[in-house]
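**Q** In the numbering used here, the protein residues as written are 6 to 63.
Quick one: the structure is below, and I'll ask about it shortly.
Structural data, given as structure tokens:
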């Protein structure tokens, strides 16, 4: 499965939230503050792995 395709929990991931504009700037800032993970697919970072499609530790 390609990670850009919809998968379980995708609506909770940053790539979905940003591309569909379902998050505010303040919500986004809270998700990326003190980032510890990088998404191998889209390159976004997040504090929690659960907010990315294909996370790896930074």
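Using N, Cα and C, we set each Cβ at its ideal position, and we do this for glycine too.
The model shown is predicted, which means the values in this text are computed figures rather than measured ones.
Note the first and the last residue of the continuous beta strand (DSSP E) segment covering residue 36.
**A** As a position in the chain shown, residue 36 is number 31, starting the count at 1. Here residue 36 belongs to no beta strand (DSSP E); instead the alpha helix (DSSP H) covers 30-37.
**Q** Is residue 42 near residue 57, with beta carbons less than 8 Å apart?
**A** By 1-based counting over the chain shown, the position of residue 42 is 37. By 1-based counting over the chain shown, the position of residue 57 is 52. In this structure, residue 57 lies closer than 8 Å to residue 42 by Cβ.
**Q** Which residues does DSSP list as the beta-bridge partners of residue 43?
**A** Here residue 43 refers to the residue found at position 38 when the chain shown is read from its first residue. Answer by DSSP bridge pairing, in chain order: 50 and 61.
**Q** Beta carbon of residue 54, beta carbon of residue 38: below 8 Å?
**A** As a working mapping, residue 54 is identified with position 49 in the chain shown. As a working mapping, residue 38 is identified with position 33 in the chain shown. No, these two residues do not count as a Cβ contact at 8 Å.
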